[in-house]
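So the structure is just underneath, and the comments pick up after that.
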Amino acid sequence: MSLKRLPAESMPREKLLSHGPQSLTDAELLAIFLRTGTQGMNVLELASHLLQEFGSLRALFSAPEEKFCAYKGLGQAKYVQLRAVLEMTQRYLAETLKRGEALTSPQQTKLYLSGLLRDKQREEFFVLFLDNQHRVICGEPLFQGTIDAASVYPREVVKRALEHNSAALILAHNHPSGVAEPSQSDRRITRRISDALALVDIRVLDHFVVGDGEVISFAERGWI
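Mapping of the sequence shown onto the UniProt record's numbering: position 35 corresponds to residue 35, and the numbering continues sequentially without gaps.
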């Protein structure tokens, strides 16, 4: 069926304008991004087909260039456009934190860290350095490990915190397995880093563990 034959309220753009983006399905959101269909397939049908082929929006968006471009209706131009959209989203979230909302909006912090770390194939240990008003100075990946674990050295965290003149930190790392539940090793290294930083009057405010569909906060668990 042509989109022109659909009721106006069923068309993705009109539905978004009337009811907001949260009212759209994954296929409808993807259809807006794609803009046009292919011969014999309107844009909504194409979007639904692609989601079925890839399995999810996330799988589609994280697909390597060769696989993404191999599908009819996509191609290199769409791949470039998609990467630009994803990068703009990440920069938007980063700018929100830089305006000092990291602690007043913990959900925004989780979104930023999840977008940054969730799809990493190797474990990565990331640190947000904060000033004495708990505004973000900068964020840095400090350690990378194997698919299972990262070697984290508290002295390096202390060194970078002092170089940035930080008053507090937020720690984060991903679990490439997709399971966000912190391990005993995660809890031990958090305590070692907290104890090392306490010697120079720098606080660890939280440690986030990023999994496939969940971000766990040590502070919310009462572990910090």
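Note that the Cβ used here is the ideal one computed from N, Cα and C, for glycine as well.
Alpha-carbon spacing of residue i relative to residue j, whole angstroms
{"i": "Leu198", "j": "Pro154", "result": "Correcting the residue identity first, residue 198 is Ala in this sequence and not Leu. Straight-line Cα distance between these residues: approximately 11 Å."}
{"i": "Glu45", "j": "Ala63", "result": "20 Å"}
{"i": "Gln184", "j": "Val43", "result": "48 Å"}
{"i": "Glu140", "j": "Glu66", "result": "30 Å"}
{"i": "Ile189", "j": "Tyr79", "result": "39 Å"}
{"i": "Asn165", "j": "Leu24", "result": "45 Å"}
{"i": "Val204", "j": "Phe54", "result": "39 Å"}
{"i": "Val162", "j": "His134", "result": "Per the sequence shown, the amino acid found at residue 162 is Leu instead of Val. Taking the straight line from one Cα to the other gives about 15 Å."}
{"i": "Gly20", "j": "Ile32", "result": "13 Å"}
{"i": "Gly222", "j": "Ile193", "result": "17 Å"}
{"i": "Ser48", "j": "Pro106", "result": "33 Å"}
{"i": "Val152", "j": "Phe143", "result": "6 Å"}
{"i": "Gln108", "j": "Phe208", "result": "13 Å"}
Terminal residues of the alpha helix (DSSP H) in which residue i lies
{"i": "Gly115", "result": "106–117"}
{"i": "Gln184", "result": "184–198"}
{"i": "His19", "result": "12–19"}
{"i": "Val158", "result": "154–163"}
{"i": "Arg58", "result": "57–61"}
{"i": "Leu30", "result": "26–34"}
{"i": "Lys67", "result": "65–69"}
DSSP bridge partner residues for residue i (one or two, in chain order)
{"i": "Asn42", "result": "Answer by DSSP bridge pairing: none, since Asn42 is not bridged."}
{"i": "Val204", "result": "Leu169"}
{"i": "Val215", "result": "Val210"}
{"i": "Pro141", "result": "Phe126"}
{"i": "residue 246", "result": "The requested residue 246 does not occur in the structure, where the chain is confined to residues 1 to 224."}
Residue span of the beta strand (DSSP E) that contains residue i, given as start and end
{"i": "Ser177", "result": "Here Ser177 belongs to no beta strand (DSSP E), and DSSP marks it neither H nor E."}
Integer-rounded CB distance, given that residue j should sit under 8 Å from residue i
{"i": "Arg160", "j": "Val200", "result": "Contact flag wrong, Cβ pair sits at about 12 Å."}
{"i": "Val210", "j": "Ala168", "result": "About 20 Å separates the two Cβ atoms, so there is no contact after all."}
{"i": "Leu93", "j": "Leu111", "result": "6 Å"}
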